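So the protein sequences, as listed, match chains E and F. FYI, the numbering for the first sequence is 1092 to 1425, going by the numbering used here. FYI, the numbering for the second sequence is 762 to 1222, going by the numbering used here. Even glycine gets a Cβ: it sits at the ideal position worked out from N, Cα and C. In this text the structure is predicted, and so the values were computed from the model without any measurement.
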Amino acid sequence: MDWGFIFERTLSTMFGIEVVVFALAAVGLNVQFGYAGLLNFGQVGFMAAGAYGLGVTVFWLEWSFWIGIVFGILYSIVLALLLGLPTLRLRADYLAIVTIAASETIRLFVRWRRMKEVTGASEGIGEFADAFYELSPFGEGVRYEFGPFSYVGRDLWVLLVGWVILLLAVLLVWRLMSSPWGRALKSVREDEDAARALGKNAYFYKLQALMLGGVLAGIAGMLQVVQKGSIQADTFNPVITFTIWAILILGGPGRTFSPIIGAMIYWCLIVFVENFLRQLPEGPADFLEDTIELSVLNISQLRFMLVGLGLLLLARFRPQGIFGSREEMALDDR
Amino acid sequence: MTTTDHPRGRMQPSRRQRIIRLLVVLAGSLLVPGLLASSAHAQEDEPEIFGSLNYEDSESGEDVPVVGVAIDVEGVGTVETDDNGDFRVVVPEPGDYVVTLVVESLPEGVNLRNPDNNPLLTTVSENRDRRVLFPLVLGEEGEGGGSTSGGITGRRVAQLTVEGLKQGLYLAMAAIGLSLIFGTTGLVNFAHAELVTFGMIITYGFNFYGFAGMIGFLAPLPGPFGDGVNLIPAALFGMIAGGVIGYVLNRVIFRPARSAGVSLIAQLVMTIGLSIFLRYLMLYLFGGGPRTFGDYSAQRAWSLGPIELTPKDLVAMGLSVVILVGVASYLELTRMGKAMRAVADNRELAESTGIDVERVITFVWVSGASLAALSGVFFGLDQVKWDFGFRILLLVFAAVTLGGLGTAYGALVGALVVGLAINLSTLFIDAEVKNMVALLILVVTLLFRPQGILGKAERIG
């Protein structure tokens, strides 16, 4: 068993693109759920809105990549308005129902065969991010090493941009939440009636939080597809939303850095377990295959089972997350 | 089409038929065994995978065989359909096989009705031949009947109305539990749709491996334990298993959470976690491909006036009507039913009149889960798939929201409206995106009547 290899992989993941994308989407969810108490179970829908806003602009309208970024952000805002306007006046669980339904409907819609010219239907969209990689200061295929970390030039460029965006987003959220706007938002979360009695328009605060979180998720979606180099409808499946939830609750909702910490813990754990199982000597590996038919083929199914179980247990026994504080706990009744 | 039951495995036919007859009576008298055509041929030696390809000529209404299409069984070989459109592949041993229709070999203009079902994963059990279905259509491909190109005819409206009614009835059985659990506990159970999938998959397991055969070392037992049983007893046991799961979920997870004072929002997140866990557990155990039950899978539709319906759908629809009427009379007439409605109406008030609320909640979980499991069996008559529940989650939520979250009759009304609306919408839009109509219903309901059709107009903000 090659422990060095396993740890190298795990460490490289810690700053890898998955962490950036999921942490950024979780920062968005943190604004919505952690600070405003909104049950958004369609975060992947916002990621798809961002990704397709970018992709459709380049692929169908044949406009430039940079205009596409603007459209990606616009699409996320429009989606937030569409979902928020009818539901945010109602009890919290209605938003959950509508968002979970909408995110799956978006996936069906973009892979509809009549949308082929616009979204590429089930084939998706490719080659839309050349303008982004032309700016890269790194050699495309060159491998860069920093101590135990090593990345290809192309990935390093996405990573660099991704981390800058992520840290800026965290900084923005931190500043906002200590501003009067953020305090009003938290008061809406804690006691909507009291906030309303003080003249705060709870509805608009919640709508703004949904929009801000949606935009951050939209940017995360764009980052993801730019790194992949293609946009596929089926990558935006609901498990992504639930993974983001697991990450946020792992880190602790309502805390500034919790999305990053949660994403790092989650992805390191996943990569460690996967590589550990792949590297198992033949004896134990055969044993697992014989008894529970576990092999490299279905290991990812096991991963999603663990996400589900983790979410269940965290919500039950530690709703404030591993590092969260009881005071900022958003999983409370209102 | 044969109308007899065939011996399967080691079980004595007479005994088995006696059990079936007993269960038929229990199930509610609507089942006439002759209605239900079994598809298997008794076979002594090596089992076969077989089927026939044809499409309906829209003008004459006749079935036209499709000749010379390549069918590939992975690891066994490829055959072509003969002059009658039939094909047969002898497989070496019972087990799982992947059957692929080579789309390129289809004649011009003929397409698969449901391209998602190709390739098809099929299970061949001992001593039985296995029929596989590849429904074909003339014209554009698409889910369940193609696109809107057919135009609006009276015949089509009638057919879609029946399809909608069918889907609505099955949906109602799944939705009632969700609505009652919300009514009595305030919990929105996102894992409820997984109980639908659980019902169809556990029934599939009973159907092919018997009541204990799914547990590896018990497989050598004789039928009905280690060897497959007919779908009807399998479905009954599937329903019971669904009730057991409902009991366990409430007893092990949600009742302790309630008494520990875990907030409703946290419980909602718990149901989401539970739903992912169950869904991927079922994928792990069942595999990703769509499958069909071992009985009644290949039936020719009957023409009843302008509509076409397979006998199994007719029976299942009749049964679901009986069951829904039964649920309604249970809620109206029995003590427990009244207690359920009382708790759903006002928990504190019900408690103060001496109703044991926890006992009522247990009843709601058990009955809701077994109804969901049975609806899974009915849905599974077309196709058994690991993520089926999630696919209809949107429809179930649209149904209960439209009808009024927390009301049993609301769920029924909402489900029928959603089923009809979705199916009739294919007159105007592609079947591929018909579920979007459910989202539209959901959003419009929340905009204009958020308490639903039958909900009370109280402030729910």
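query                                                                                                                                                                    : result
For Gln1392/E, return the contacting residues in chain F, with the cut-off set at a CB-CB distance below 7 angstroms.                                                    : Tyr1041, Leu1044, Tyr1045
One question on the structure: do Gly989/F and Met975/F come within less than 8 angstroms of each other, judged by their Cβ atoms?                                       : no
Using a Cβ-Cβ cut-off of 8 angstroms, state whether Glu835/F counts as contacting chain E.                                                                               : no
Near Ser1036/F, what residues of its chain come up, given a Cβ to Cβ distance below 6 angstroms and the 5 sequence neighbours on each side ignored?                      : Phe951, Ala952, Glu955
Going by beta carbon distance, what residues of the same chain come within less than 7 angstroms of Thr1148/E, once the five residues before and after it are set aside? : Trp1154, Ile1158, Gly1159, Phe1162
Please report the distance separating the alpha-carbon of Leu881/F from that of Leu894/F.                                                                                : 9 angstroms
Take the Cβ of Leu1092/F as the centre, count every other Cβ of all protein chains shown within 10 Å, and call the residue buried at 16 or more, exposed below.          : buried
Any C-beta of chain F within less than 8 angstroms: which residues of the region 1185-1219 of chain E qualify?                                                           : Tyr1185, Ala1187, Ile1188, Val1189, Ile1191, Ala1192, Ala1193, Glu1195, Thr1196, Leu1199, Phe1200, Trp1203, Arg1204, Arg1205
What's the C-alpha gap between Thr1196/E and Pro985/F?                                                                                                                   : 42 angstroms
Threshold first: 4 residues or longer. Then list the alpha helix (DSSP H) segments lying entirely within the region 1052-1100 of chain F, N to C.                        : 1072-1094
So with Cβ pairs under 8 angstroms, would you call Glu1193/F a contact of chain E?                                                                                       : yes
When DSSP labels each residue in this structure, what does Phe1237/E get in the three-state scheme?                                                                      : strand
Touching or not, the region 1338-1348 of chain E and the region 1165-1180 of chain E, by the rule of three or more beta carbon pairs under 8 angstroms?                  : no
Tell me which same chain residues have a C-beta within less than 6 angstroms of the C-beta of Glu809/F, skipping the five on either side of it?                          : Arg849, Val851, Asp890
Does the beta-carbon distance from Lys1277/E to Tyr1126/E come in below 8 angstroms?                                                                                     : yes
Would Pro1350/E be called buried (16 or more neighbouring beta carbons within 10 Å of its own) or exposed?                                                               : buried
How far does the beta strand (DSSP E) with Gly856/F in it extend, from its first residue to its last?                                                                    : 856-862
CB Ile1327/E to CB Ala1139/E, shorter than 8 angstroms?                                                                                                                  : It is worth fixing the name first, because residue 1327/E is Phe in this sequence and not Ile. It is a contact, given that the beta carbons lie within the stated cut-off.
On a CA-only basis, which of Pro994/F, Thr1032/F, Ser1020/F is nearest Gly1007/F? Give me that one, please.                                                              : Thr1032/F
Under 8 angstroms, do Gly1049/F and Phe969/F count as touching if we go by C-beta distance?                                                                              : no
Please return the same chain residues whose Cβ sits closer than 6 angstroms to the Cβ of Phe1140/F, not counting the five positions on each side in sequence.            : Tyr931
Which of the residues in the region 1000-1024 of chain F, read from start to end, lie with their CB under 9 angstroms from any CB of chain E?                            : Ile1014, Pro1017, Ala1018, Ala1021, Val1023, Ser1024
On the DSSP bridge assignment, give the partners of Thr839/F in chain order.                                                                                             : Asp833/F
Kindly say whether Pro1211/F, judged by its beta-carbon, lies nearer than 8 angstroms to any beta-carbon of chain E.                                                     : yes
When you compare the CB of Ala1103/F with every CB in chain E, is at least one pair closer than 8 angstroms?                                                             : no
How would you label Pro876/F, buried or exposed, when you count the other beta carbons within 10 angstroms and need 16 or more for buried?                               : exposed
Could you pull out every unbroken alpha helix (DSSP H) segment of at least 4 residues lying fully inside the region 1137-1189 of chain E, listed in chain order?         : 1156-1178
Rank Ser1024/F, Asp1148/F, Ala1089/F by C-alpha distance to the C-alpha of Phe1047/F and give the top, closest one.                                                      : Asp1148/F
Applying the 10 Å Cβ sphere with the 16-neighbour rule, what's the burial state of Gly795/F?                                                                             : Summary for Gly795/F: the model assigns pLDDT 29, below 50, so the residue's position carries little reliability, and this model does not support an answer.
Contact between the region 997-1012 of chain F and the region 1384-1396 of chain E: three or more CB pairs below 8 angstroms?                                            : no
Tell me the DSSP secondary structure of Gly906/F in three-state form.                                                                                                    : Its pLDDT being 43, under 50, Gly906/F is placed unreliably in this model, and the value from its coordinates should be taken loosely. Coil, per DSSP.
CA-CA distance, Val1264/E and Val1112/E?                                                                                                                                 : 16 angstroms
For Met1197/F, which residues in chain E fall below 8 angstroms Cβ to Cβ?                                                                                                : Thr1196, Leu1199, Phe1200
Does Val1330/E come within less than 8 angstroms of chain F when only Cβ atoms are used?                                                                                 : yes
Could you give the distance in angstroms between the alpha-carbon of Gln1323/E and the alpha-carbon of Ile1216/E?                                                        : 7 angstroms
Terminal residues of the continuous alpha helix (DSSP H) containing Glu1099/E?                                                                                           : 1094-1105
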